[in-house]
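Visitor: Let me give you the structure first, and then I'll get to my questions.
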Amino acid sequence: MTLLPPEIERVLVPAEQIAALVSRLAAQVNADYAGGELVVVGALTGAAMVTADLVRQLAMPVQMDFVSVSSYGDQTVSALTLPVAGHNVLLVEDIVDTGETLARLQAALLAQEPRSLRTLALLDKPARRKVDVSVDYLGLDIPDEFVVGYGLDYAQRFRNLPFVGVLRRSVYA
Ligand code: IMP
Numbered sequence: 001m002t003l004l005p006p007e008i009e010r011v012l013v014p015a016e017q018i019a020a021l022v023s024r025l026a027a028q029v030n031a032d033y034a035g036g037e038l039v040v041v042g043a044l045t046g047a048a049m050v051t052a053d054l055v056r057q058l059a060m061p062v063q064m065d066f067v068s069v070s071s072y073g074d075q076t077v078s079a080l081t082l083p084v085a086g087h088n089v090l091l092v093e094d095i096v097d098t099g100e101t102l103a104r105l106q107a108a109l110l111a112q113e114p115r116s117l118r119t120l121a122l123l124d125k126p127a128r129r130k131v132d133v134s135v136d137y138l139g140l141d142i143p144d145e146f147v148v149g150y151g152l153d154y155a156q157r158f159r160n161l162p163f164v165g166v167l168r169r170s171v172y173a
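What follows is the structure in C-alpha cells.
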C-alpha cells in the first residue's frame, strides 16, 4: 500500500480508476485505428506514465516518441526523433489546464504534416481553459485544484505517486 505523503490533501483518482480510464481510452484508440499504424507522441515529463500504460494496450503497430515544451522563455517544442510526415499521430498529454501547452504542441506537430493528428489527455480542468483546443480522447474532467501524481508534479516532486491526489494549498500558497 502506498502511504499518503503529508503534502497530499486527498486522493482524487485512485490507481484502479486511472487503470480503468487508460483501458477505456486504449479501447477507443484501438477501434478508431484498427488496420492502421500509429505514432504515439507523449508530452514530457508528465505524460510519461499514461503514454507507457496506454501503448501497452494498443493492438496496431505503434512507434513511440516524446516531445517537451520548455516551460520558460518562448516555450519551444523539442524536436521529434521520428519522422511523422504522412503518419497517423496520437499526441498524449497528462492534463489540459489553460490549453496553451496543448495548442503549442498541436501546432508544432501539424507543421510536420502528419497524415492525421489526434490528441489524448488523461485529465482535463475545463474551468481553467483559455485556449480552445480539441481533445479527441479524454479520460476525466476534474475540478480546478492542483493535482499531482501519476506523472504530474509540483516542483518536480510527486510524479511517482501511483494515484492522482490534490496538493494541499499550504504547499504552494
Ligand atoms: P496548460 O498549458 O495551462 O494547459 O497546462 C498544461 C501543463 O501544465 C500540463 O501538461 C502540466 O504539465 C501542467 N499542469 C497543469 N495543471 C496541473 C496540475 O494540476 N498539476 C500538475 N501539473 C499541472
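Sequence positions in the sequence shown follow our numbering and run 1 to 173.
Note that the Cβ used here is the ideal one computed from N, Cα and C, for glycine as well.
Given the structure is predicted, the values throughout are model-derived calculations rather than measurements.
(1) Counting beta carbon pairs with one atom in the segment 84–94 and one in the segment 116–132, are three or more of them shorter than 8 Å?
(2) Out of Asp74, Ser78, Arg56, state which residue places its alpha-carbon closest to the alpha-carbon of Phe66.
(3) Going by the DSSP bridge assignment, what does Glu100 pair with across the sheet?
(4) Please tell me whether, using a cut-off of 7 Å, the distance from the CB of Thr51 to the nearest non-hydrogen atom of the ligand IMP is below it.
(5) Which two residues bound the contiguous beta strand (DSSP E) that contains Ala121?
(6) Between Ala184 and the rest of its own chain, which residues show a CB-CB distance below 7 Å, the 5 nearest in sequence each way excluded?
(7) Between the Cα of Ala127 and the Cα atoms of Phe146, Gly35, Thr76, which residue gives the shortest distance?
(8) For Arg10, which three-state DSSP category applies?
(9) Which value, in whole angstroms, describes the spacing of the CA atoms of Val13 and Leu80?
(10) Can you find a heavy atom of the ligand IMP that lies under 7 Å from the Cβ of Ile18?
(11) Can we say the segment 150–166 touches the segment 31–47, given the rule of at least three CB pairs closer than 8 Å?
(12) Under the DSSP definition of a beta bridge, which residues are partnered with Met64?
Guide: Taking the definition as stated:
(1) Between the segment 116–132 and the segment 84–94, the count of Cβ pairs shorter than 8 Å is three or higher; the stretches touch.
(2) Out of Asp74, Ser78, Arg56, Ser78 has the C-alpha closest to the C-alpha of Phe66.
(3) Answer is none; Glu100 lacks a bridge partner.
(4) At a cut-off of 7 Å, the beta-carbon of Thr51 does not count as near the ligand IMP: no heavy atom of the ligand is closer than that.
(5) Taken as a continuous stretch (DSSP letters only), the beta strand (DSSP E) holding Ala121 covers 116–124.
(6) Residue numbering for the chain in the displayed model covers 1 to 173; residue 184 lies beyond these limits and cannot be assessed.
(7) By alpha-carbon distance to Ala127, the top candidate from Phe146, Gly35, Thr76 is Phe146.
(8) Of the three classes helix, strand and coil, the one that applies to Arg10 here is strand, per DSSP.
(9) For Val13 and Leu80, the gap between their C-alpha atoms comes out near 31 Å.
(10) Result no, Cβ not under 7 Å from the ligand IMP.
(11) Yes: at least three Cβ pairs fall under 8 Å.
(12) Per DSSP, Val40.
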